[in-house]
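>
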C-alpha cells in the first residue's frame, strides 16, 4: 500500500515538473511569429555587397536623419513628457482620466491617422499651422522639424505612461522627509524623485527612442519623403523595396541590428522596472 | 495536464467547426452562373475610381464572383506579385512594371494595353501660388511634390520635366499618385504632376494645368491574367470585361483614353 502511494506521489511530482507540452508548443509557435520574418529577411541579405550598399548616399543620409530625428524627439519627450507625467501622477483635476486617455491614444491610433491629424492642425492650411506660418514663416510639413514632431507625437506616450506609473508607485514619504529637512521643491525633485524613478525613466526613454526610430506612417503623411530632409530609415526601406531590393534589405538589416542591440543590452538592466 | 488537454481539444474542435462552417458557407453561395469565388485584382492607384465602378458592374453581371481590389503604386503591386501574393489580375499604369512581371514568367498569355492616360499639372483649387507650367517646378520657394521615382507617375513626371528642360526643386516624393493628390488637395503642396484622370476625380478641389503635347508623356496601361491566378476563369472574364465596350465606357467616363482614340 505504502509503496504504491509513494510511486503515485513521485509520478505526480514528476508530472508537475514536466512543462505542459501544449503550452510549450503554443509558446514556440508564438516565438515563430517573431522569428520567421527575420529569418526571411536574413535569407535575402546580399552579404558580399553589404559594405558597398551601406555606404551609398541613400543609406547614410537616411541613417543620419533617423538618428538625429529620433534622438531629438526623445529629448523633446523628456522636456515636455516628464512634466506631463508628473501632472498626471500628482495633480488632481477634473477630466484627468480623459487626459490620460488622450495621452495614450497615439499608442493605438494608426500612425497615418496621427499624421493626417498633424496635417490638419499644423499643416500650411491647418488650424494652427496657417496663422503660425503667416506670423513666422515657419512651415512644418516637408521639413526635418516635421519629422521630429511626428516622431514625438507617436513615441512620447511610452515615456509618459512609464514615468507616470513610476511616480504613482513612489513612496512619497521620502520626498516628505526631504522637505521636512528643509529641501526646496526643485531640490526634492532633482535629488529624491528623479533618482528614485531613474530605472523607469530610462526604460521609457529607450522605448520612446525605439518607437521614434521605427516611425513610418505619421512621418510620410505629415512630413513627406525627401532624401536628406525627411526620408528616415523606414521611409528609405519603403521606397527602396520598389526600386532596389538589395538596398531595402540592407537598410532593414541596419534597423534590426541597431534596435535589437539596444533592446537586448538594456533589457536585463532596466526593463525590470516596467 | 488532463484539464489542459480537454480544454485544448475543446478549442481545437471549435476551430475545426469554424473551418467546416466556413467551407459550407462557400458551397452554399454557389449561384447559377458558372463563375464563382473571389478575383483579386491588383490595380494601379490611378485606377481607383474607375475600377471601383468596373468592380460593381462586373459583380452585377457575375453574381457568384466577388472582386477584391488591391490598389497601390504599380511598382509596389509588382513586388507583391513577384513575392508570390496570390493575385488573379494585374493592371499596371506602365508597361515597365508589367514587363518585369512577364519576364519572371508570372503572366498567363500576353498583357494587353487597355487604356492610355496623360499627365497634368495638379494644383490646389484656386492655384494661389500662380503656377502656370512645368517651369514653375524649378522654384525653390514653391512646395513641389512628385511621385517617387520608381512609381509610374514619378517616372513619367520626371520624363516630362526633363523634356521641358526643368530641374525640379522637389519637396516630397510620394509613394503613389493618390497620396500625392491628397497633399495637393489639402493645399499642403503648391503643385505636382499627376494624371489627367486624378485631377478629374477630385471634382473641383484640384485644378489641372495642361502640359504641352511635346512634353507630355502618354501612359499606357497594360492588363493581364497572372500565371499563378487562383481563379483563372473569373480572372479572364474580368479582363475581358475591362476590354469590352461596357468596361471601356466606364474608363473613358473617368478621363482615360481608349486605344483607338
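Chains as they are written, first to last, in my numbering: chain A, 4 to 277; chain B, 17 to 277.
Idealized CB from N, CA, C, for every residue including glycine.
Keep in mind the model is a prediction, meaning the values are calculated, not measured.
1) If you pair each beta-carbon of the stretch 100 to 114 of chain B with each one of the stretch 233 to 252 of chain B, do three or more pairs fall below 8 Å?
2) In this structure, does DSSP put residue 136 of chain B in helix, strand or coil?
3) So residue 282 of chain A contacts chain B; which residues on that side make the cut at Cβ distance below 7 Å?
4) Where does residue 189 of chain B fall in DSSP's three states?
5) Going along the stretch 115 to 138 of chain A in order, which residues come within less than 7 Å of chain B, judged by CB to CB distance?
6) So for residue 238 of chain B, helix, strand or coil by DSSP?
7) Could you say if the stretch 232 to 247 of chain A and the stretch 203 to 213 of chain A meet the contact criterion of at least three C-beta pairs nearer than 8 Å?
8) For residue 128 of chain B and residue 157 of chain B, I'd like the C-alpha separation in whole angstroms.
9) Can you tell me where the alpha helix (DSSP H) with residue 66 of chain A in it begins and where it stops?
10) Can you tell which of A:123, A:34, A:230, A:263 has the C-alpha that lies nearest to the C-alpha of residue 322 of chain B?
11) For residue 277 of chain A and residue 169 of chain A, what's the separation of their Cα atoms in angstroms?
12) Comparing alpha-carbon positions, which option in A:199, A:25, A:28 lies nearest residue 174 of chain A?
13) Among A:166, A:186, A:142, which has the Cα closest to the Cα of residue 187 of chain B?
14) Compile a chain-ordered list of the residues in the stretch 201 to 219 of chain B whose CB is closer than 7 Å to at least one CB of chain A.
15) Contact check, residue 109 of chain A vs residue 157 of chain A under 8 Å by CB: the rounded distance?
16) I need the DSSP call for residue 167 of chain B, collapsed to helix, strand or coil.
17) Return the chain-ordered list of same chain residues with a C-beta closer than 8 Å to the C-beta of residue 41 of chain A, the five sequence neighbours on each side being excluded.
18) Pop quiz: residue 225 of chain A and residue 149 of chain A are said to be a contact at Cβ under 8 Å. What is the actual Cβ separation, rounded to whole angstroms?
19) What does residue 165 of chain B reach in chain A if we use C-beta pairs closer than 7 Å?
20) Have a look at the DSSP bridge pairing and note the partners of residue 67 of chain B.
21) Measuring CB to CB, does residue 138 of chain B end up less than 8 Å from residue 220 of chain B?
22) Check for me: the alpha helix (DSSP H) holding residue 146 of chain A runs from which residue to which?
23) When Cβ atoms are compared, which residues of the stretch 153 to 170 of chain A fall closer than 9 Å to chain B?
24) Would residue 102 of chain B pass as an interface residue toward chain A - the criterion being a Cβ-Cβ separation below 8 Å?
25) Only counting runs of 4 or more residues, tell me where the alpha helix (DSSP H) segments fall wholly within the stretch 78 to 105 of chain A, in order along the chain.
26) Using a Cβ-Cβ cutoff of less than 6 Å, which residues in the same chain neighbour residue 68 of chain A once the five nearest sequence positions on both sides are dropped?
27) Determine the direct distance from the alpha carbon of residue 244 of chain B to that of residue 207 of chain B, and round the result to whole angstroms.
28) At the 8 Å Cβ level, is residue 223 of chain A part of the contact set with chain B, yes or no?
29) Between which residues of its own chain and residue 58 of chain B is the CB-CB distance below 6 Å, once the five residues before and five after are set aside?
30) Who pairs with residue 106 of chain B in a beta bridge, going by DSSP?
31) Taking one C-beta from the stretch 113 to 132 of chain A and one from the stretch 197 to 206 of chain B each time, how about it: are there three or more such pairs within less than 8 Å?
32) So, does the stretch 187 to 197 of chain A touch the stretch 123 to 142 of chain A, judging by three or more C-beta pairs under 8 Å?
33) Below 8 Å between beta carbons: does that hold for residue 60 of chain A and residue 249 of chain A?
34) Does residue 128 of chain B have its Cβ less than 8 Å from a Cβ in chain A?
35) Does DSSP put residue 270 of chain B in a helix, a strand or coil?
36) At least one CB of chain B closer than 8 Å to the CB of residue 228 of chain A: is that the case?
The short version:
1) yes
2) By one-based count along the second chain, residue 136 of chain B stands at place 120. It is a strand residue.
3) The structure shown does not extend to residue 282 of chain A, since chain A is modelled only from 4 through 277, so no value can be given for it.
4) Here residue 189 of chain B is taken as the residue at index 173 of the second chain, counted from 1. Strand at residue 189 of chain B.
5) 122, 126, 127, 128
6) Residue numbering aside, residue 238 of chain B sits at position 222 when the second chain is read from its first letter. Three-state result, residue 238 of chain B: strand.
7) Too few Cβ pairs lie closer than 8 Å, so no.
8) Residue numbering aside, residue 128 of chain B sits at position 112 when the second chain is read from its first letter. Residue numbering aside, residue 157 of chain B sits at position 141 when the second chain is read from its first letter. For residue 128 of chain B and residue 157 of chain B, the distance between alpha carbons rounds to 42 Å.
9) Taking the first chain and counting its residues from 1, the one referred to as residue 66 of chain A is at position 63. First-last of the alpha helix (DSSP H) with residue 66 of chain A: 60 to 79.
10) Shown here, chain B extends from 17 to 277; a query on residue 322 of chain B therefore has no answer.
11) For the purposes of this step, residue 277 of chain A is identified with residue 274 of the first chain, where counting begins at 1. For the purposes of this step, residue 169 of chain A is identified with residue 166 of the first chain, where counting begins at 1. Confidence at residue 277 of chain A is low in this model, with a pLDDT of 47, below 50, so the placement of that residue should be treated as unreliable; the coordinate-derived value is given next. Those two C-alpha atoms are separated by around 9 Å.
12) On the first chain, position 171 is the one that residue 174 of chain A refers to. Nearest to residue 174 of chain A by C-alpha distance, out of A:199, A:25, A:28, is A:199.
13) Locating residue 187 of chain B in the second chain gives position 171, counting from the first residue. Checking every option, the nearest Cα to that of residue 187 of chain B belongs to A:142.
14) 202, 203, 204
15) Here the question's residue 109 of chain A lines up with position 106 in the first chain. Here the question's residue 157 of chain A lines up with position 154 in the first chain. That pair is a contact at about 5 Å.
16) Taking the second chain and counting its residues from 1, the one referred to as residue 167 of chain B is at position 151. If DSSP states are grouped into helix, strand and coil, residue 167 of chain B belongs with coil.
17) Against the first chain, residue 41 of chain A aligns to sequence position 38. Once the five neighbours on either side are set aside, the close Cβ partners of residue 41 of chain A are 259.
18) As a first step, residue 225 of chain A is located in the first chain; it is residue number 222 there, counting from the start. As a first step, residue 149 of chain A is located in the first chain; it is residue number 146 there, counting from the start. About 6 Å; that satisfies the 8 Å criterion.
19) Here residue 165 of chain B corresponds to residue number 149 of the second chain, with the count starting at 1. What residue 165 of chain B touches in chain A: 246.
20) Your numbering for residue 67 of chain B matches position 51 in the second chain. None, per the DSSP bridge assignment.
21) Here residue 138 of chain B refers to the residue found at position 122 of the second chain. Here residue 220 of chain B refers to the residue found at position 204 of the second chain. In this structure, residue 220 of chain B does not lie closer than 8 Å to residue 138 of chain B by Cβ.
22) Looking up residue 146 of chain A in the first chain gives position 143. Unbroken run through residue 146 of chain A: none, as it is neither H nor E.
23) none
24) To locate residue 102 of chain B, count along the second chain from 1; it is residue 86. With 8 Å as the cut-off, residue 102 of chain B does not count as an interface residue toward chain A.
25) 85 to 93
26) Translated into positions along the first chain, residue 68 of chain A becomes position 65. Result list for residue 68 of chain A: 235, in chain order.
27) Within the second chain, the letter at position 191 stands for residue 207 of chain B. Within the second chain, the letter at position 228 stands for residue 244 of chain B. Between residue 207 of chain B and residue 244 of chain B, the C-alpha separation is close to 40 Å.
28) On the first chain, position 220 is the one that residue 223 of chain A refers to. True, the Cβ-Cβ gap to chain B drops below 8 Å.
29) As a first step, residue 58 of chain B must be located in the second chain, where it is residue number 42. Contacts found: 86, 93, 103, 106.
30) Within the second chain, numbered from 1, the residue matching residue 106 of chain B stands at position 90. Residue 106 of chain B is bridged to B:58, B:240.
31) yes
32) no
33) Position 57 of the first chain holds residue 60 of chain A. Position 246 of the first chain holds residue 249 of chain A. No. Outside cutoff.
34) Numbered from 1 along the second chain, position 112 holds the residue referred to as residue 128 of chain B. No - not a single Cβ of chain A is within 8 Å of the one on residue 128 of chain B.
35) The count along the second chain starts at 1 and reaches residue 270 of chain B at position 254. Residue 270 of chain B: coil per DSSP, three-state reduction.
36) Here residue 228 of chain A corresponds to residue number 225 of the first chain, with the count starting at 1. Closer than 8 Å to some Cβ of chain B, the Cβ of residue 228 of chain A qualifies, so yes.
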